[in-house]
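Taking it in order: structure first as structure tokens, then the write-up.
In my numbering, the protein residues as written are 9 to 152.
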């Protein structure tokens with residue numbers, strides 16, 4: 009897979025998602041399309057989801073959800089709209105293949121399957137060193 013160019017990173021990310029430190033689990037926007045977004049995250053030892061040098065399952069799940077939030081936030085910014093707060097409604101078919109180590113870079117791709125009213129169904133896939141480490145389907149409710 010070719011490396012992605014960084015579209016947005018650092019403090020600019022905080023303008024696109026409702027989460028605030030220490031709950032921020034995305035630090036780069038790498039790709040954006042109408043129905044697809046790819047985020048990046050450098051796993052730091054200080055991350056609240058790191059235990060024994062590994063980024064835990066709950067962190068991977070939150071990273072997928074925040075990639076969906078990043079998608080919505082970036083779209084809202086393009087349309088000069090307020091970034092909404094989203095809630096995970098359901099997680100289905102969650103598979104954690106492995107946990108990334110501190111110092112790793114992960115990339116998470118979400119694809120919008122459909123949107124109905126304030127609900128969005130996404131599929132998410134996280135990779136580390138071009139290996140799939142997590143995947144799931146997620147229903148997200150947006151509070152507008």
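Virtual Cβ for every residue (Gly too), placed ideally from N, Cα, C.
Comparing alpha-carbon positions, the option among 54, 123, 29 lying closest to residue 74 turns out to be 29. Straight-line spacing of the CA atoms in residue 110 and residue 35 works out to 15 Å.
If you draw a straight line from the Cα of residue 136 to the Cα of residue 86, it comes to about 29 Å. Of all alpha-carbon atoms in 140, 126, 91, the one lying nearest the alpha-carbon of residue 132 is that of 140. The straight-line gap separating the alpha-carbon atoms of residue 81 and residue 71 is approximately 15 Å.
Rounded to whole angstroms, the separation of the alpha carbons of residue 101 and residue 23 is 31 Å. Residue 129 holds the alpha-carbon nearest to the alpha-carbon of residue 150 among 138, 13, 129, 134. Contact fails between the region 36-48 and the region 90-97, because fewer than three Cβ pairs, one in each stretch, are under 8 Å apart.
Residue 60 and residue 78 have their C-alpha atoms spaced approximately 28 Å apart. DSSP, read as helix, strand or coil, puts residue 80 in helix. In the DSSP annotation of this structure, residue 105 is not part of any beta strand (DSSP E), being labelled neither H nor E. Counted as a single uninterrupted DSSP element, the stretch harbouring residue 54 is not any beta strand (DSSP E), since DSSP gives it neither H nor E. Counting of Cβ neighbours within 10 angstroms places residue 107 among the buried residues, the total reaching 16 or more. C-alpha of residue 19 to C-alpha of residue 134: approximately 22 Å in a straight line. For residue 48, the enclosing beta strand (DSSP E) has its first and last residue at 44-50.
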